[in-house]
Amino acid sequence: RKEVEQDPGPFNVPEGATVAFNCTYSNSASQSFFWYRQDCRKEPKLLMSVYSSGNEDGRFTAQLNRASQYISLLIRDSKLSDSATYLCVVNDYKLSFGAGTTVTVRA
Amino acid sequence: GAGVSQSPSNKVTEKGKDVELRCDPISGHTALYWYRQSLGQGLEFLIYFQGNSAPDKSGLPSDRFSAERTGGSVSTLTIQRTQQEDSAVYLCASSLRPGGAPPANIQYFGAGTRLSVL
Chain A
50 RKEVEQDPGP FNVPEGATVA FNCTYSNSAS QSFFWYRQDC RKEPKLLMSV YSSGNEDGRF
110 TAQLNRASQY ISLLIRDSKL SDSATYLCVV NDYKLSFGAG TTVTVRA
Chain B
5 GAGVSQSPSN KVTEKGKDVE LRCDPISGHT ALYWYRQSLG QGLEFLIYFQ GNSAPDKSGL
65 PSDRFSAERT GGSVSTLTIQ RTQQEDSAVY LCASSLRPGG APPANIQYFG AGTRLSVL
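From first to last, the protein sequence lines stand for chains A and B. According to the working numbering, the first sequence holds residues 50 to 156 in order. According to the working numbering, the second sequence holds residues 5 to 122 in order.
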């Protein structure tokens, strides 16, 4: 079983739509989780940390469910600039990455 | 200050040659990591350095791969006798410290070295 499994998408949504996707992780002892964003042929960049209580950063909301070992990301009011691959990341000092969820926002 | 710096940004080499990839982490970051992203694949961990501790080499795919970190700062990843399957983007990241909680454990990535082995 992979350490981090992620819905690959692709999600093709119109501007202004809401899109949400999940990932699951295998190590129940993992404590630290992130969402990174990766644009084509670029390095991953931190989008947001994920906290147990759930957290919001502008149009982005992340949730962590420890009991079920899954993490979610919701994007509200999608913008064209949100088009990217979103990487679910578990930080056990070394990062374990999901394969990425591709999101394309169309005009 | 500046982010993580990697050089070269692109490297084309012939099969069987050795290559060296360089990473200059963010100043003050004690932890340094190397990852690899092959075409159409996810990122995979290669090696991790923390301070003066012995590095975690558990992700290195073969003994042709080695890395060192001099003076707790700059790191060099060396691939000997390169093979075509080594073609990938090699990404370096650094964090203030490993483990623990954000923001100290957040890893910041360099732009990567795109290695092509012909």
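All C-beta atoms in this analysis are idealised placements derived from N, C-alpha and C, irrespective of residue type, glycine included. Remember, predicted model here, so these are calculated numbers, not experimental data.
- Whole-Å CB distance - A/Glu92 paired with B/Leu95, under 8 Å assumed: That belief holds up - the Cβ atoms of A/Glu92 and B/Leu95 are roughly 6 Å apart, short of 8 Å.
- Task: Using a Cβ-Cβ cut-off of less than 9 Å, list which residues of the stretch 143-156 of chain A approach chain B; keep chain order.
- Result: Residues passing the 9 Å Cβ filter: Lys143, Leu144, Ser145, Phe146, Gly147, Ala148, Gly149.
- Item | Reference B/Ala115; option with closest CA among B/Ser31, B/Arg26, B/Pro102, B/Tyr52 | Per the Cα distances, B/Arg26.
- Query: Listing by chain order, which chain B residues have their CB less than 9 Å from the CB of A/Asn76?
  - Reply: In chain order: nothing, as chain B lies at least about 13 Å away.
- For B/Pro107 and chain A, any beta-carbon pair shorter than 9 Å? Closer than 9 Å to the CB of B/Pro107 there is at least one CB belonging to chain A.
- Message: 9 Å is my cut-off, CB to CB: does A/Asp88 come that close to chain B?
- Response: Answer no: the Cβ-Cβ gap between A/Asp88 and chain B never drops below 9 Å.
- Item | Inter-residue Cα distance where the pair is B/Phe113 and B/Ser9 | Whole-angstrom Cα-Cα distance: 9 Å.
- Compare the C-beta of B/Leu95 with all C-beta atoms of chain A and state if any pair is closer than 9 Å. At least one chain A Cβ lies under 9 Å of B/Leu95.
- Item | Cutoff 7 Å; reference B/Asn109; Cβ partners in own chain excluding five residues on either side | The residues are Ser99, Arg101, Pro102, Gly103.
- Item | Distance, B/Arg68 Cα to A/Lys128 Cα | Cα-Cα distance, rounded: 44 Å.
- Message: Closer than 8 Å is the cut-off here; do at least three beta carbon pairs connect the stretch 105-116 of chain A with the stretch 62-82 of chain B?
- Response: Output reads no: the stretch 62-82 of chain B does not touch the stretch 105-116 of chain A.
- Query: Quick one: does A/Asn114 have its CB under 9 Å from some CB of chain B?
  - Reply: Any Cβ of chain B closer than 9 Å to the Cβ of A/Asn114 would place that residue at the interface, and such an atom is absent.
- Does the beta-carbon of B/Pro107 have 16 or more other beta-carbons within 10 angstroms, so that it is buried, or is it exposed? When all chains shown are included, B/Pro107 counts as exposed.
- Item | Alpha carbon of A/Glu54 to alpha carbon of A/Tyr119, nearest angstrom | The alpha-carbon of A/Glu54 is positioned some 9 Å away from that of A/Tyr119.
- Message: Can you tell me whether A/Gly149 is buried or exposed? The criterion is at least 16 other CB atoms within 10 Å of its CB, across all chains shown.
- Response: Of the other Cβ atoms in all chains shown, 16 or more fall within 10 Å of the Cβ of A/Gly149; this residue is therefore buried.
- Query: Does the distance from the C-beta atom of A/Pro63 to that of A/Thr151 stay below 9 Å?
  - Reply: In this structure, the beta-carbon distance from A/Pro63 to A/Thr151 does not fall below 9 Å.
- Query: Since A/Val154 and A/Ser132 are thought to touch, with beta carbons under 8 Å apart, how far apart are those beta carbons, to the nearest angstrom?
  - Reply: Taking 8 Å as the upper bound for CB-CB distance, A/Val154 and A/Ser132 are in contact here, some 5 Å apart.
- Item | For A/Glu54, three-class secondary structure by DSSP | In the three-state reduction of the DSSP assignment, A/Glu54 falls in the strand class.
- Cutoff 9 Å: B/Phe49 Cβ touching any chain A Cβ: Closer than 9 Å: yes.
- Item | Simplified DSSP state of B/Leu50, which is helix, strand or coil | Strand at B/Leu50.
- What did DSSP end up calling B/Leu122 once you bin it into helix, strand or coil? B/Leu122 carries a coil assignment under DSSP once its states are collapsed to helix, strand and coil.
- Task: Put B/Asp67 into one of helix, strand or coil per three-state DSSP.
- Result: In this structure, B/Asp67 counts as coil in the three-state DSSP scheme.
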